[in-house]
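K.L.:
Submitted below is the structure of interest, expressed as structure tokens.
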Amino acid sequence: MKVLILGGTNFIGVEIVSLLLDKGLEVTCYTRGNKKINRNASHIKGDRNNQSLLKKAAMNDYDIVIDNIGFSGEDVNLTIDVFKGRLKHYILTSTAGVYLSGKQSPFFEGNNPIDP
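Throughout the sequence shown, residue numbering follows my numbering, covering 2 to 117 in sequence.
Right, here's the structure in full:
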């Protein structure tokens, strides 16, 4: 199975890359190239806002895209449009920032309204 990871050099992306490689999946990281990637993963150097490069990456027939750098609805919509009809799964990772601010800490998914 072929997996493209948008942002695989920071935070949870590093762990996702390692886990998928350990499971025997074919992993490609799409990054700006500012940091080292796992030596067992392939690499596409580019900015996610470069639509032509993202479209070129989409031609590689990935089964799954894991998006760790979808910081806005526009980012996510662009990626979905580029890969539309080409994927089995699109997975967006997110943070507690999608929840409305509140006094409760830590945030629990079931107890907080999602910020529209």
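Positions of the beta carbon are idealized from the N, C-alpha and C atoms, including for glycine.
1. May I ask you to list the residues that DSSP assigns as paired with Ser53?
2. Measure the alpha-carbon distance for Ile6 versus Lys37 and round it to whole angstroms.
3. Could you name the residues that DSSP lists as bridge partners for Val4?
4. Should Asp116 go down as buried or exposed, given a rule of 16 or more other Cβ atoms within 10 Å for buried?
5. Between which two residues does the beta strand (DSSP E) harbouring Leu93 extend?
6. Am I right that Leu20 and Met2 are in contact with their C-beta atoms under 8 angstroms? What's the rounded C-beta distance?
7. Rounding to the nearest angstrom, what Cα-Cα distance links Leu88 and Phe72 in this structure?
8. Where DSSP assigns a beta bridge to Ile45, which residues make up the other side?
9. Given Lys57, which residues of its chain have a CB within under 6 angstroms of its CB, disregarding the five upstream and five downstream residues?
10. Can you look up Pro117 in the DSSP assignment and give me helix, strand or coil?
11. Using only alpha-carbon positions, find the residue among Ser95, Thr10, Ala59, Ile17 that is nearest to Asp82.
P.N.:
If we stick to the structure as given:
1. Under the DSSP definition of a beta bridge, Ser53 lacks any partner.
2. Approximately 14 angstroms between the Cα atoms of the pair.
3. Beta-bridge pairing links Val4 to Val28, Ile65.
4. Note that Asp116 has pLDDT 49, beneath the 50 cutoff, so the model's placement of it is unreliable and the number below is only indicative. Around the CB of Asp116, fewer than 16 other CB atoms lie within 10 Å, so the residue is classed as exposed.
5. DSSP places Leu93 inside the beta strand (DSSP E), whose first and last residues are 90-93.
6. The pair is not a contact, with the Cβ atoms about 13 angstroms apart (cut-off 8 angstroms).
7. The alpha-carbon of Leu88 is positioned some 21 angstroms away from that of Phe72.
8. Under DSSP, Ile45 forms a beta bridge with Tyr31.
9. Hits under 6 angstroms: none found.
10. Below a pLDDT of 50, predicted positions are generally treated as unreliable, and Pro117, at 45, falls in that range; no measurement from the model is reported.
11. Comparing Cα positions, the closest option is Ala59.
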